[in-house]
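K.L.:
Residue numbers for the sequence shown follow this note's numbering, so the first one is 1394 and each next one is one higher.
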Amino acid sequence: MSRLKQYKRFLSIGKDSKDKLKRDRKIEFEQNMEELFVLKKHMYQIMDCTDDMLAFVDLDFKYRTVNNAYIKTFQIEYNDIVGKHVKEMVGDEYFYSFVKPNLEKVFNGEIFKYETWVDLPKMGREYLFVSYKPSVMKNGRINGAIITATNLTETKRQLEEKELQQKLLLQQAKMANIGEMIAFISHQWRQPLQIVSAYMLRIRLIAEKLNQSERLNVTEYIDKAEATLEQLSEMIDGLYEFYNNSEHKEPVNIKKTLERAIGIVYYRVQSKNIAINININGSLATVCRKNDFLHILLVLINNAIDALMEINNDRVLNIDTKEYKDKIELVFADNAGGIDEAIALNIFNPGFTTKKTGEGYGLYFSKKIAEESMGAEILFRPNDIGGSTFIVILPTMRKA
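1) Of the residues 1723, 1688 and 1732, which one's Cα is nearest the Cα of residue 1701?
2) How would you label residue 1718, buried or exposed, when you count the other beta carbons within 10 angstroms and need 16 or more for buried?
3) Looking only at DSSP bridge pairs, what is residue 1643 linked to?
4) For a test of your reading of the model: does the CB of residue 1734 fall under 6 Å from any non-hydrogen atom of the ligand HEM? Yes or no.
5) Quick check on DSSP: helix, strand or coil for residue 1769?
6) Please list the terminal residues of the continuous alpha helix (DSSP H) segment that includes residue 1462.
7) Let me know the secondary structure DSSP gives residue 1595 once reduced to three states.
8) When the distance is taken between beta carbons, is residue 1691 closer than 7 Å to residue 1654?
9) When DSSP labels each residue in this structure, what does residue 1702 get in the three-state scheme?
10) Mind checking residue 1460: buried by the 16 CB within 10 Å criterion, or exposed?
11) With H, G and I counted as helix, E and B as strand and the rest as coil, what does DSSP make of residue 1483?
12) Report the option in 1583, 1588 and 1561 whose CA atom is closest to the CA atom of residue 1757.
13) Return helix, strand or coil for residue 1505, following the three-state DSSP convention.
14) Excluding the 5 residues preceding and the 5 following residue 1535 in the sequence, name in chain order all residues of the same chain whose CB lies nearer than 7 Å to its CB.
15) Quick one, which of 1546, 1493 and 1787 has its alpha-carbon nearest residue 1677's?
16) Measure the beta-carbon distance from residue 1455 to residue 1476 and round it to whole angstroms, keeping in mind my assumption that it falls under 8 Å.
17) Per DSSP, which one or two residues make a beta bridge with residue 1715?
18) Does DSSP classify residue 1689 as helix, strand or coil?
19) Measure the alpha-carbon distance for residue 1765 versus residue 1759 and round it to whole angstroms.
20) Could you check where the alpha helix (DSSP H) with residue 1356 kicks off and where it finishes?
21) According to DSSP, what are the bridge partners of residue 1788?
22) Taking the CB atoms as reference points, tell me whether residue 1522 and residue 1545 lie closer together than 7 Å.
23) In the DSSP assignment, the alpha helix (DSSP H) including residue 1496 goes from what residue to what residue?
24) Please classify residue 1775: does DSSP put it in a helix, a strand, or coil?
25) Under 8 Å, with one C-beta from each stretch per pair, do the region 1666-1673 and the region 1611-1628 reach the 3-pair mark?
26) Using three-state DSSP, classify residue 1457 as helix, strand or coil.
27) Starting from the Cα of residue 1504, find the closest Cα among 1516, 1623 and 1540 and give me that residue.
28) Could you tell me which residues DSSP pairs with residue 1781 in its beta bridges?
29) One question on the structure: do residue 1449 and residue 1537 come within less than 7 Å of each other, judged by their Cβ atoms?
30) Which word fits residue 1674, buried or exposed, when buried means at least 16 other C-beta atoms lie within 10 angstroms of its C-beta?
31) Anyone know if the C-beta pair for residue 1725 and residue 1704 falls short of 7 Å?
32) On a Cα-Cα basis, can you pick out the residue from 1582, 1583, 1452 and 1445 that is closest to residue 1498?
33) Going by CA-CA distance only, name the one from 1447, 1763 and 1716 that's closest to residue 1789.
34) Between which residues of its own chain and residue 1482 is the CB-CB distance below 7 Å, once the five residues before and five after are set aside?
35) Tell me whether the beta-carbon of residue 1579 lies closer than 7 Å to the beta-carbon of residue 1633.
36) Helix, strand or coil for residue 1548, going by three-state DSSP, please let me know.
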């Protein structure tokens, strides 16, 4: 064979080998891509099998992928979030104050975890456990953050309910002890008050013998003294009634119970120059445990007093009723400046308070008692006199 033929054959063999290598590499590449696609598909399937919310955010703070739980929870389409900057989803203020600083820690290798209440679309207020972890490649470099969020609402509410039940039991034990003490004080004070009342009656009889000018002067002070004695007696009766809890439900006159509640806090109202205007039909009644109703009234009145103490202008609390066929709305309206919208959303939540002292359970327990014991409701809304309005909706019963 000539050298030329040998050379051509060599070139042919080389070309065939090169073509075969290309074909093999192409097949291998296609196989690798298919395997990668399958792996990616499996990864997404695994991500979508969990109820936990999963998201991947790259170093530019952009979403690269999220799972179905994330989409379902936040009520957003996949294409409306993937590729978007986190700032577009959470807002500038929250991004710069909270998300960005913590993601930067994660991009430096740290793990960040926290728990929080979140207002979610359609689901309402939910409690989430959130974790930010770095995503590390084979070469050890971090290429983003893996964000997981677990819904712990049911567990959190069960724990809170347990804590509240414990607080309620402690409160009931405390009330029982105070009730015994009030009963003792009531018994001890009753006779001295009756004696003082008898002395005032004798002084009134003596005053009748004075001349008209002196009699009028003395009688004025006697009237004030007797009114104070009556107020003290009413206060003792109210305290005894409040702490002497009874399981018995009975017809309760709304106006009389309200007057008893105001009698208990009378000196607090008087010392703070608060005008309480009552416009209630005296025949309206509801069926409940008197102590439960008295408790709710005292919480609402005391809260109004606390709010009114913060203003310097005239302090007013209007209490009136709106009557319907099967219900009564007992309306408490003050002019204490109102409540911010963000705060108003939480006022019935357990433990929430804006006061310097207090545990924040007054309105929570009142609402709970109203709904579970009385078949009633307590609502809040702003009013047109520059303050807050609380409405107690009671099942009606007319009593002469």
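Virtual Cβ for every residue (Gly too), placed ideally from N, Cα, C.
P.N.:
Judging by the given coordinates:
1) 1732
2) exposed
3) 1681
4) The ligand HEM is absent from the structure shown, which contains no ligands of any kind.
5) coil
6) 1461-1467
7) helix
8) Yes, these two residues count as a Cβ contact at 7 Å.
9) coil
10) So residue 1460 counts as buried.
11) helix
12) Looking at the Cα atoms, 1561 is the closest of the given residues.
13) strand
14) 1500, 1502, 1527, 1528 and 1529
15) 1787
16) 6 Å
17) 1722
18) Residue state, collapsed to three classes: helix.
19) 10 Å
20) The structure shown has nothing for residue 1356, since the chain only spans 1394 to 1793.
21) 1720
22) yes
23) 1493-1500
24) Here residue 1775 sits in strand by DSSP.
25) no
26) The three-state reading of DSSP puts residue 1457 in strand, counting E and B together.
27) Of 1516, 1623 and 1540, the smallest CA-CA separation from residue 1504 is found for 1540.
28) 1775
29) In this structure, residue 1449 sits near residue 1537, with a CB-CB distance shorter than 7 Å.
30) exposed
31) no
32) 1452
33) 1716
34) Within the same chain, Cβ atoms closer than 7 Å to the Cβ of residue 1482 are found at 1474, the five residues on either side in sequence being excluded.
35) yes
36) Residue state for residue 1548 is assigned as helix, using DSSP reduced to three classes.
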